[in-house]
Every structure is written in structure tokens, then in C-alpha cells.
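S.K.: I have a structure here, written as C-alpha cells, and I will follow up with some questions on it.
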Amino acid sequence: MTVERKRLTAVKVPIKSIVTGRYFQQEGFESNYLITPQGQKVSRVRVMATVMTKFISDDGNYGFLVLDDGTETIRAKAFQNTKIFSDIDVGDIVDLFGKVRVYADEVYITPEIIRKINDPNWLILRNLEIIKELKRIKELKNALERFEKETADLEEIKKLAKAEGLDPEEIEVIYESKNVEPETKEEDRKALKEEIKGLIDSLDDGSGAKYSDIIEKSSLPESVIEDVINELLSEGTCYEPRPGRIKRL
Numbered sequence: 045m046t047v048e049r050k051r052l053t054a055v056k057v058p059i060k061s062i063v064t065g066r067y068f069q070q071e072g073f074e075s076n077y078l079i080t081p082q083g084q085k086v087s088r089v090r091v092m093a094t095v096m097t098k099f100i101s102d103d104g105n106y107g108f109l110v111l112d113d114g115t116e117t118i119r120a121k122a123f124q125n126t127k128i129f130s131d132i133d134v135g136d137i138v139d140l141f142g143k144v145r146v147y148a149d150e151v152y153i154t155p156e157i158i159r160k161i162n163d164p165n166w167l168i169l170r171n172l173e174i175i176k177e178l179k180r181i182k183e184l185k186n187a188l189e190r191f192e193k194e195t196a197d198l199e200e201i202k203k204l205a206k207a208e209g210l211d212p213e214e215i216e217v218i219y220e221s222k223n224v225e226p227e228t229k230e231e232d233r234k235a236l237k238e239e240i241k242g243l244i245d246s247l248d249d250g251s252g253a254k255y256s257d258i259i260e261k262s263s264l265p266e267s268v269i270e271d272v273i274n275e276l277l278s279e280g281t282c283y284e285p286r287p288g289r290i291k292r293l
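Residue numbers (our numbering): 45 to 293.
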């Protein structure tokens, strides 16, 4: 018996949404997928970006492009079929279709189609398309918040969504995305720690900085601040002179 597999739509997303999402490995014929922090479920993506680096191995069996769309960078990696990169050069703007993959903690794209973009105005149009889609997702999030005031049961929430003409599956993905915490690169992590340490120094009145003041003064989410502070405490950079306060050593 032949299993017919439907080709999934390539979703237009910013690179940052890809590299900060959570990847889910599936079994059998089910497609692997990624849930972005914004609440989008994607297997195939469509990215418009500038080529920053191009590499092809001497034997031609491996190659990659480093793509930058202004939000983040990601590699498009080709195995065997490196001819897909043959007409692409550093500095080109490309519209790339491909599947999201993860290996050794690196999120990358396996390219299926690459189109060179000659008119940079297409970048503006793509950004507008992404903004429009994120606005739609935001409206679904607002609906989810309303439903959660009525019930905590996901199946009941999906019934409420369907009754309002909304897609229950999209609501479920957004529900799941609430547990997706953006991953932080090592260099970004260091910057976060320096920011928090700077706040601790500036808010210390001699008996330590109040946690509440750090949260109030920082633009970071409370969950991120708490995570960074716990790391500073664990590594011995800071300590708690008394409950609710933190001080540099």
C-alpha cells in the first residue's frame, strides 16, 4: 500500500522565529516540525535574506550558505545536491524554500528551491507579509486568553474556538507555544548576564539590590531575569544577603 503524503506549505517567517523555536522529531511518515515563539507550526519555511557566506567542499558533496534577514542568521545546508547553490553569490538576496532541520543543536534549512531576487523592494513586501501574519496570530492569542478565562481544558478551548469560526488546530499550536522559550546563544547569554550585573550594581543601596527593582528597571521578561540571576548565584558571582535581595561578590 502506498502512503500518499501531502506537501506542506512553506511558511514565510523571519529567521529569528526559526532559530528560537522548539523542534519536534516525529516518527514514521509524520513530518518533523518546529513551533515558533509566536505560535506558528512550521515544517517547510520560506526565507528571504542576504547571502553572507558561501561554501562548497572540494568534492562538491557538501555546501552551505549563511543567510541574514536582519533578525538573525541561519545556514542553508546542501548534501550531494550542491548545484542548487551554483548561481548564488555572496551579497545576493535570495528567496529560499526548504525544510527545517536540527543536528548537533544547530537549526538549519535544507534548501529545495532558491530564487535570486533582483529588486530589494521585495524585502519590504516580505516584511509586510510577515507583519500581517503575526498580527493575525496575535488576534488568535487574544482569543485564546479569553477562552482560558472560561476553561483550562484544551479540548473545551478548541470547541470555543470552533464556535467562533476559528481554526481549533491553530489555537492548539498557540496554546503549546506558550511553553516555547527562545534559546539564547552563548554570546547573547553573556550580554544578558552583564546587563543584570550592571543593574545589580546600580540598584545596590549597600544591602543588595531588590529583585523587584531589577525586574522593574530591566526590559527583559521576568522569566529571563530569574533564570540569569539563578545562574549568577550558582556560579558564585552573586549572593543573597537576605531574602528578596541580591548582591555582587
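All C-beta atoms in this analysis are idealised placements derived from N, C-alpha and C, irrespective of residue type, glycine included. Remember, it's a predicted structure, so these values are computed and weren't measured experimentally.
Determine the contact status of residue 115 and residue 60, defining contact as a CB-CB distance below 8 Å.
M.R.: Yes, Cβ-Cβ distance for residue 115 and residue 60 is below 8 Å.
S.K.: Along the beta strand (DSSP E) that carries residue 139, what are the first and last residues, could you check?
M.R.: Start and end: 137 to 147.
S.K.: State the start and end residues of the unbroken beta strand (DSSP E) segment that holds residue 98.
M.R.: 88 to 100
S.K.: Just to confirm my understanding: we take residue 47, look at its own chain, exclude 5 residues before and 5 after, and list those with CB closer than 6 Å. What are they?
M.R.: Below a pLDDT of 50, predicted positions are generally treated as unreliable, and residue 47, at 39, falls in that range; the measurement from the model is reported next regardless. So the qualifying residues of the chain are 73.
S.K.: Apart from the five residues on each side of it in sequence, which residues of its chain come closer than 6 Å, Cβ to Cβ, to residue 157?
M.R.: 141
S.K.: Identify whether residue 196 lies in helix, strand or coil by the three-state DSSP scheme.
M.R.: coil
S.K.: Using alpha carbons as the reference points, say which of 135, 152, 137 lies closest to residue 143.
M.R.: Ranked by Cα distance from residue 143, the first of 135, 152, 137 is 152.
S.K.: How would you call residue 235, buried or exposed, if buried means at least 16 neighbouring beta carbons within 10 angstroms?
M.R.: exposed
S.K.: Assign residue 245 to one of three DSSP states: helix, strand, or coil.
M.R.: helix
S.K.: Check each candidate in 67, 58, 80, 62 and name the one with the smallest Cα separation from residue 222.
M.R.: 80
S.K.: Could you give the distance in angstroms between the alpha-carbon of residue 192 and the alpha-carbon of residue 275?
M.R.: 33 Å
S.K.: Give me, in chain order, the residues of the same chain whose beta-carbon lies closer than 8 Å to that of residue 55; leave out the 5 immediate sequence neighbours on both sides.
M.R.: 84, 86, 88, 89, 90
S.K.: Assuming residue 160 is part of the beta strand (DSSP E), what are its boundary residues?
M.R.: 150 to 161
S.K.: Could you tell me the distance, in whole angstroms, from the CA atom of residue 176 to the CA atom of residue 121?
M.R.: 29 Å
S.K.: Hey, could you find the ends of the alpha helix (DSSP H) residue 110 is sitting in?
M.R.: Note, residue 110: premise wrong, no alpha helix (DSSP H); beta strand (DSSP E) at 106 to 112.
S.K.: Would you report the Cα separation of residue 49 and residue 75, rounded to the nearest angstrom?
M.R.: Any reading at residue 49 must be qualified, since the residue scores a pLDDT of 46, below 50, and its modelled position is unreliable; the value itself is stated next. C-alpha separation (whole angstroms): 9 Å.
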